[in-house]
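Structure first, then comments.
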Amino acid sequence: MLNLASLNPPQRLAVETHRGPVLILAGAGTGKTRVITFRIAHMIERGIAPENILAVTFTNKAAREMLGRVDELVPRGRAGNNEPAPRPTISTFHSLCVRILRHHIEKLGYKRNFVIHDESEQLSTVKKILSHISVKGEKVDAAAVLAMLGKLRNGGARTAAFADDNVAALAGHIRTRYESALRACNAVDFDDLILLTLRLFTGHPDALEACRARFRYVMVDEYQDTNAAQFELVHALTRDHRNLCVVGDDDQSIYGWRGAEVANLLDLEKHFPEVKVIKLEQNYRSTNTILQAANAVIRHNPRRRGKNLWSQKGAGAKIMRHAFSNEEEEARTVAEEIEFNRVARRVPWGAQAILFRTNLQSRPIETELRKSRVRYHLIGGQSFFDRREVRDFLAYLKTFLNPHDDVSLLRIANTPARGLSDVTMERLLAASQERHCPVFAAMRNADVQAQFQTRTGEAIRDFVAFVECTRAALAQNGHPSPHPSPLVGREERVLPLGAGRVRGERMASSSAAQGERCSSLASWATRFLDETGYWAELRRSEKDVDAAENRIRNLRDLVATMDSAGRGELSARLEAFLEDLTLDAEREEEKESAGDAVTLITMHSCKGLEFPHVFIVGLEDGLLPHSRSKVEGTLDEERRLFYVALTRAQETLALSHCGARRKYGQLAPCHPSPFLKELPEELVEDAGALSRKPASAETAKSYFAAMREQIARTR
Numbered sequence: 010m011l012n013l014a015s016l017n018p019p020q021r022l023a024v025e026t027h028r029g030p031v032l033i034l035a036g037a038g039t040g041k042t043r044v045i046t047f048r049i050a051h052m053i054e055r056g057i058a059p060e061n062i063l064a065v066t067f068t069n070k071a072a073r074e075m076l077g078r079v080d081e082l083v084p085r086g087r088a089g090n091n092e093p094a095p096r097p098t099i100s101t102f103h104s105l106c107v108r109i110l111r112h113h114i115e116k117l118g119y120k121r122n123f124v125i126h127d128e129s130e131q132l133s134t135v136k137k138i139l140s141h142i143s144v145k146g147e148k149v150d151a152a153a154v155l156a157m158l159g160k161l162r163n164g165g166a167r168t169a170a171f172a173d174d175n176v177a178a179l180a181g182h183i184r185t186r187y188e189s190a191l192r193a194c195n196a197v198d199f200d201d202l203i204l205l206t207l208r209l210f211t212g213h214p215d216a217l218e219a220c221r222a223r224f225r226y227v228m229v230d231e232y233q234d235t236n237a238a239q240f241e242l243v244h245a246l247t248r249d250h251r252n253l254c255v256v257g258d259d260d261q262s263i264y265g266w267r268g269a270e271v272a273n274l275l276d277l278e279k280h281f282p283e284v285k286v287i288k289l290e291q292n293y294r295s296t297n298t299i300l301q302a303a304n305a306v307i308r309h310n311p312r313r314r315g316k317n318l319w320s321q322k323g324a325g326a327k328i329m330r331h332a333f334s335n336e337e338e339e340a341r342t343v344a345e346e347i348e349f350n351r352v353a354r355r356v357p358w359g360a361q362a363i364l365f366r367t368n369l370q371s372r373p374i375e376t377e378l379r380k381s382r383v384r385y386h387l388i389g390g391q392s393f394f395d396r397r398e399v400r401d402f403l404a405y406l407k408t409f410l411n412p413h414d415d416v417s418l419l420r421i422a423n424t425p426a427r428g429l430s431d432v433t434m435e436r437l438l439a440a441s442q443e444r445h446c447p448v449f450a451a452m453r454n455a456d457v458q459a460q461f462q463t464r465t466g467e468a469i470r471d472f473v474a475f476v477e478c479t480r481a482a483l484a485q486n487g488h489p490s491p492h493p494s495p496l497v498g499r500e501e502r503v504l505p506l507g508a509g510r511v512r513g514e515r516m517a518s519s520s521a522a523q524g525e526r527c528s529s530l531a532s533w534a535t536r537f538l539d540e541t542g543y544w545a546e547l548r549r550s551e552k553d554v555d556a557a558e559n560r561i562r563n564l565r566d567l568v569a570t571m572d573s574a575g576r577g578e579l580s581a582r583l584e585a586f587l588e589d590l591t592l593d594a595e596r597e598e599e600k601e602s603a604g605d606a607v608t609l610i611t612m613h614s615c616k617g618l619e620f621p622h623v624f625i626v627g628l629e630d631g632l633l634p635h636s637r638s639k640v641e642g643t644l645d646e647e648r649r650l651f652y653v654a655l656t657r658a659q660e661t662l663a664l665s666h667c668g669a670r671r672k673y674g675q676l677a678p679c680h681p682s683p684f685l686k687e688l689p690e691e692l693v694e695d696a697g698a699l700s701r702k703p704a705s706a707e708t709a710k711s712y713f714a715a716m717r718e719q720i721a722r723t724r
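Per the working numbering, the very first residue in the sequence shown carries number 10; after that it's consecutive.
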């Protein structure tokens with residue numbers, strides 16, 4: 010017998026309501042998954058055949074978790090013929106459609122053994138089509154066209170509205186060709202799985218009736234995230250028997266940019282006027298201070314289904330608000346607070362999380378955490394130090410310090426393109442292996458150079474001269490040297506200084522402050538990147554202008570921090586800079602294997618997660634709300650994103666903003682996010698005033714006791 014005593018009254022009502030349309034309005038942290046699984050188990054217990062129950066969600070992980078919980082509540086049995094008893098269907102939208110199409114796709118002219126093309130195969134198809142289309146004056150980004158194609162096919166009118174006109178036009182133009190190309194090889198893509206199912210239902214009512222007869226009770230999780238095609242699919246299955254239960258929260262609808270339509274939840278009464286709305290408002294995650302702040306913020310959205318989250322966990326600590334002069338100070342203070350929590354308050358790294366609006370904000374945070382030797386795990390984005398432009402730049406610096414670092418040299422030898430093709434570098438690598446010497450030594454060897462055609466040999470000599478002259482300039486603190494430093498081993502034979510070497514010297518001389526003494530490491534780096542054409546390379550390699558500018562901004566922001574490496578000779582400061590940024594192999598392995606690590610995560614990726622202690626950084630106008638929201642009319646969604654971030658915190662919450670933030674290496678003034686003004690002042694404490702108060706005797710005693718314990722363990 011299923012025990013419902015652990016459910017609160019609204020949860021129990023949702024579990025016991027089986028027939029007719031139901032909207033379970035589940036606020037953040039209100040036990041949504043528990044309600045869904047208990048409802049499925051209760052339906053089975055009350056005699057509804059498991060095979061007639063369908064539950065749809067968005068990820069395979071969520072589907073597996075639901076099925077596992079249902080199996081715990083309703084243990085698997087055996088049918089009369091000793092076969093396993095039927096189970097409810099719990100799957101993603103795409104998995105459901107695959108099942109339907111495997112039975113009925115022949116009605117659409119496909120064979121049952123159709124294949125599903127992944128993204129790389131889709132991209133190849135788009136590129137092949139685009140190669141036959143003449144586009145004057147510009148290259149076409151096939152990935153952007155493919156993304157727009159998906160939005161157009163799924164009916165994402167809003168997401169298409171703000172797209173590049175040329176990309177949208179191309180996507181519309183090739184749509185028929187693309188669909189024909191897939192059909193010709195009996196293939197479908199992920200969008201087709203739903204679109205073909207809808208076409209099947211429209212053209213073949215018998216297939217639709219068979220599915221309706223099978224799935225007489227339908228549940229949809231995260232309903233606020235459904236797009237137009239998914240809504241049509243659900244509506245087609247349920248509009249006759251009306252046994253539809255949708256679970257969601259319009260206040261957590263944050264994926265409009267990828268096609269989600271919050272109106273599917275807000276306007277449910279248009280399609281099911283008799284819908285019963287059940288609100289889940291008791292939160293099991295956060296303190297009331299955090300929940301009251303979140304409630305106050307989200308009430309500013311004019312079009313929403315009202316709810317008021319509350320908790321039995323008590324008021325809890327006030328929300329801390331920090332104002333910093335720049336992002337370096339912000340990152341440093343957050344890192345210090347995290348480490349203080351760990352040492353003095355016994356709060357493990359894994360119980361703490363840092364949330365931000367965009368991946369670009371991770372750079373100063375990662376830098377400070379590394380300096381403090383705080384382990385962290387970045388979720389929902391690429392680590393700043395794993396980005397292509399950052400890796401290229403660091404490879405250049407490592408090559409200048411040690412040209413015999415083969416890994417770094419091979420990465421940048423032809424970046425930007427300088428006539429050293431992949432084939433050329435493979436031959437040079439083979440030559441270095443034959444001679445048991447580094448690749449750079451092989452490049453300087455006259456016999457090796459003679460094995461290449463004249464033009465390629467000249468490119469090799471140019472590159473060697475560039476590296477040697479840059480190294481000489483670094484050694485002389487910015488003075489270009491007319492004679493490269495002697496880096497040749499005894500076994501090498503080097504060609505006399507020729508035209509290639511002259512060009513290399515000229516490039517290195519210009520990049521080393523054009524003959525003037527260079528005291529700024531950042532200025533030196535900016536010049537060499539400019540002279541080598543790397544900025545232009547970033548713009549050329551990215552078809553999307555915004556993506557290129559983001560890469561340039563990443564690199565300029567990193568370069569701007571180089572002068573913090575101290576004083577002294579440029580080469581010594583460069584070594585110190587690299588040491589600060591680069592973890593050795595032992596620490597990198599420790600970071601990867603350690604389970605106790607601070608979570609760094611974007612606000613979009615944190616939905617569904619929770620953390621005892623949360624820091625939300627970069628709360629500035631232009632970041633949150635994002636500057637695009639004013640153009641696209643998505644301010645409400647930006648406020649919902651802030652609401653999601655607030656409701657991730659369980660015990661403590663700290664918010665921060667900066668008075669200035671680096672953009673393309675230059676400090677630009679910033680203003681606090683207008684959302685901060687929507688927080689009730691009685692729930693917030695200004696950390697600036699608090700930081701000037703001395704620590705209590707109890708706190709100090711606890712802190713020093715923990716420090717002594719930590720020192721004793723390391724002896």
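Built from N, CA and C at the ideal position, the CB exists for glycine as well.
Given the structure is predicted, the values throughout are model-derived calculations rather than measurements.
How would you label residue i, buried or exposed, when you count the other beta carbons within 10 angstroms and need 16 or more for buried?
i           : result
residue 262 : buried
residue 370 : buried
residue 417 : buried
residue 594 : Its pLDDT being 30, under 50, residue 594 is placed unreliably by the model, and the measurement read from it follows with that caveat. Label assigned to residue 594: exposed.
residue 69  : exposed
residue 380 : exposed
residue 194 : exposed
residue 388 : exposed
residue 525 : Residue confidence for residue 525 is low, a pLDDT of 42 falling below 50, so the modelled location carries little weight; the figure read from the coordinates is stated next. Counting Cβ neighbours within 10 Å, residue 525 comes out exposed, since fewer than 16 surround it.
Is the Cβ-Cβ distance between residue i and residue j less than 8 Å?
i           : j           : result
residue 427 : residue 484 : no
residue 268 : residue 163 : yes
residue 476 : residue 535 : no
residue 658 : residue 623 : yes
residue 648 : residue 306 : yes
residue 399 : residue 374 : no
residue 274 : residue 260 : no
residue 51  : residue 24  : yes
residue 441 : residue 448 : yes
residue 420 : residue 401 : yes
residue 655 : residue 299 : yes
residue 76  : residue 109 : no
residue 199 : residue 103 : yes
Return the bridge partner residues of residue i from the DSSP annotation.
i           : result
residue 665 : 331
residue 658 : 620
residue 239 : Beta-bridge pairing links residue 239 to no other residue.
residue 100 : 65
residue 365 : 611
residue 677 : 670
residue 196 : 124
residue 291 : 319
residue 386 : 608
residue 652 : Paired residue(s): none; residue 652 is not in a bridge.
residue 695 : 330
For residue i and residue j, what's the separation of their Cα atoms in angstroms?
i           : j           : result
residue 557 : residue 254 : 45 Å
residue 551 : residue 571 : 26 Å
residue 45  : residue 281 : 20 Å
residue 357 : residue 660 : 14 Å
residue 461 : residue 124 : 46 Å
residue 219 : residue 230 : 23 Å
residue 605 : residue 361 : 10 Å
residue 548 : residue 386 : 30 Å
residue 279 : residue 228 : 18 Å
residue 585 : residue 443 : 34 Å
residue 57  : residue 63  : 12 Å
Are there three or more Cβ pairs, one per stretch, closer than 8 Å when the region 610-624 is compared with the region 356-376? Judged by Cβ distances under 8 Å, the region 610-624 makes contact with the region 356-376, as three or more pairs qualify.
Check whether the region 26-42 and the region 291-302 touch, using three or more Cβ-Cβ pairs below 8 Å as the test. Cβ pair count under 8 Å is three or more, so yes.
For the structure I just gave you, are there three or more beta carbon pairs, one from the region 633-649 and one from the region 402-420, closer than 8 Å? The region 633-649, when compared against the region 402-420, does not touch it at the 8 Å Cβ threshold.
Taking one C-beta from the region 205-212 and one from the region 69-86 each time, how about it: are there three or more such pairs within less than 8 Å? No, the region 205-212 is not in contact with the region 69-86.
Inter-stretch contact at 8 Å, needing at least 3 Cβ pairs: the region 134-143 / the region 109-119: Verdict: no, contact absent.
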